[in-house]
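Novice: In the working numbering, the protein residues as written are 5 to 347.
Below: one structure in structure tokens.
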Amino acid sequence: MNGSIKKEMLFFKEQGFFETPKICQIEITTVCPLKCPQCYKSLTPKHANFEALCKRLEEAKKAGVGSIMINGGEPMMHPYFLKLISYISDKLLLDVYCFLSGYGITENVAKKLDNKKVHITFSLNGSIQEINDKSRDGYDYAVNAFQIFKGLSIPCGINWVGRKDNVGDFENLIKFAEENGVKWINVISNKLSCGEIKSAMAYEDYQYLSEVIKKYRNKGKVDIQIEGCNSLLNYFLYQKKLPITFNGCQAGRMVYFIDIDGNYMPCSHLQYKEKFSDIMSYWKRSKVLHMLRQSNGMEKCSGCKYAAHCFVCKASSQETHDDFFACNKACVLRKEIEDEEHY
């Protein structure tokens with residue numbers, strides 16, 4: 005470990021966040037052709053100006069950001085999407101992660117996205133349309149995209165949101181991924197949509213999902229990755245021994261979000277918009293980030309033996325979104341803790 009990285013890690017260990025942000029989530033369009041039941045955004049259709057995007061991205065690199073995550077809307081709808089991806093990967097030399105539906109994907113588009121610094125993930129919540137349609141639109145677009153990428157031997161992944169109405173299908177999704185040449189599956193936590201968690205997983209669902217992941221992880225053709233803020237799932241996966249892994253939300257710790265109008269937010273799911281002249285002013289002076297970081301260092305769920313390593317996703321409930329210092333009353337770990345208290 006070189007000196008600068010060691011210094012960064014020491015700062016993170018002492019302060020609970022990095023001195024400079026490492027990941028920028030950037031919204032490039034609010035235009036989307038799909039109507040997903042689980043969508044958490046209220047969109048007024050428009051595209052971000054290409055030059056403004058380039059300026060924000062250049063500033064991100066100067067601030068020390070190493071990875072860019074492209075958000076929408078549907079990013080493919082932006083008229084300069086491919087030009088922007090090339091700019092990030094070839095000129096700025098940053099890794100770029102694109103979360104797409106599959107809409108608009110052709111062989112020509114796929115070839116232009118074939119770059120070691122470009123990581124393409126398509127949204128899919130079910131191995132069959134009937135299951136996917138309960139929470140997402142665009143099943144056929146995703147399937148078509150997988151077939152194109154497989155035919156061209158271009159790696160791609162699946163973004164899958166774990167829900168009660170699709171968790172029983174996860175093993176089938178892994179098999180679907182293997183058959184369609186998908187290289188990885190990102191397991192995403194279910195977050196607020198219109199003020200509630202729709203089709204929330206129960207304790208038994210987490211148990212089942214963790215067993216399926218352990219059965220296939222590091223053993224098959226598909227790499228199963230867990231979203232950083234999915235701390236509850238990590239609890240089940242690592243058998244309750246979580247001194248480091250069980251640390252959840254990275255908003256304001258290493259990640260920030262900038263919306264289509266240039267407003268700064270901790271992440272795309274935390275609707276606290278602030279205006280600052282530049283990234284580092286936001287990172288150092290934001291009152292929202294200050295509260296978020298303070299809340300991470302406090303035990304919010306009195307009596308919970310896992311609280312010290314939780315850093316619960318603040319978009320996992322309305323109460324934690326509205327008050328960073330509140331506990332998540334719907335947390336499935338409460339069941340285990342309450343059961344233990346009866347012995």
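We put the beta carbon where it would ideally sit given N, CA and C, even for glycine.
1. In angstroms with no decimal places, state the Cα-to-Cα distance between Ser193 and Phe174.
2. According to DSSP, is Asn75 helix, strand or coil?
3. Is the beta carbon of Asn136 closer than 8 Å to that of Tyr143?
4. Drop a sphere of 10 angstroms on the beta-carbon of Thr324, count the other beta-carbons inside from all chains shown, and report buried for 16 or more, exposed for fewer.
5. In angstroms, rounded to a whole number, what distance separates the CA positions of Ser235 and Cys28?
6. Out of curiosity, what's the CA-to-CA distance linking Met205 and Val191?
7. Between the C-alpha atoms of Lys66 and Phe315, what's the straight-line distance to the nearest angstrom?
8. Which partner residues does Phe261 have in the DSSP bridge list?
9. Between the alpha carbons of Gly185 and Lys154, how many angstroms are there, rounded?
10. Within a Cβ cutoff of 6 Å, which residues of the same chain sit near Ser214, ignoring the five residues on either side of it in sequence?
11. Near Lys17, which residues of its chain fall below 8 Å by C-beta distance, leaving aside the five closest residues on each side in sequence?
12. Which residue wins for smallest C-alpha separation from Ser197, given the options Phe22, Ile264 and Pro41?
13. Alpha carbon to alpha carbon, how far is Asn222 from Ser281?
14. How would you write the range of the alpha helix (DSSP H) that His294 sits in, first residue to last?
15. What whole-angstrom Cβ distance do Tyr107 and Pro37 have, given they're in contact under 8 Å?
16. Rounded to a whole number of angstroms, what is the C-alpha to C-alpha distance between Glu134 and Leu337?
17. Going by the CB atoms, is the gap between Ile30 and Ile72 shorter than 8 Å?
18. Quick check: the stretch 48-56 against the stretch 279-298, are at least 3 beta-carbon pairs closer than 8 Å?
19. Look at the alpha carbon of Thr26 and the alpha carbon of Met269, and state the distance between them as a whole number of angstroms.
20. My guess is that Val226 and Trp188 are in contact by the Cβ rule of under 8 Å, so how many angstroms apart are they, rounded?
21. Are Ile230 and Leu237 close, meaning C-beta to C-beta below 8 Å?
22. Which two residues bound the contiguous beta strand (DSSP E) that contains Ile189?
23. Three-state secondary structure (DSSP) at Tyr101?
24. For the beta strand (DSSP E) that Gln229 lies in, which residues bound it at each end?
25. Would you mind reading off the limits of the beta strand (DSSP E) that contains Val122?
26. Pull up the CB-CB distance for Lys138 and Asn163, whole angstroms please, since I reckon it's below 8 Å.
27. How about Ser127 and Asn176: do their beta carbons lie closer than 8 Å?
28. Distance, Cα to Cα, Glu23 vs Gln298?
29. Going by the beta-carbon positions, is the gap between Ala86 and Val69 smaller than 8 Å?
30. Taking 8 Å as the threshold (C-beta atoms), are Val122 and Gly77 in contact?
31. When you compare the CB positions of Ala149 and Ile92, do they come within less than 8 Å of one another, or not?
32. Suppose contacts are defined by Cβ-Cβ distances below 8 Å. Is Gly166 in contact with Thr125 by that definition?
Specialist: Taking the definition as stated:
1. 14 Å
2. strand
3. yes
4. buried
5. 21 Å
6. 13 Å
7. 28 Å
8. Gln29 and Met269
9. 5 Å
10. Phe240 and Leu241
11. none
12. Pro41
13. 44 Å
14. Lys291 to Asn300
15. 6 Å
16. 30 Å
17. yes
18. no
19. The sequence as given places Lys at residue 26; Thr does not occur at that position. Straight-line Cα distance between these residues: approximately 15 Å.
20. 6 Å
21. yes
22. Trp188 to Ile192
23. strand
24. Asp227 to Ile230
25. Val122 to Ser127
26. Contact doesn't hold; Cβ gap of about 16 Å is too wide.
27. no
28. 15 Å
29. What sits at residue 86 in the sequence shown is Leu, not Ala. For Leu86 and Val69, no; Cβs fall outside 8 Å.
30. no
31. no
32. no
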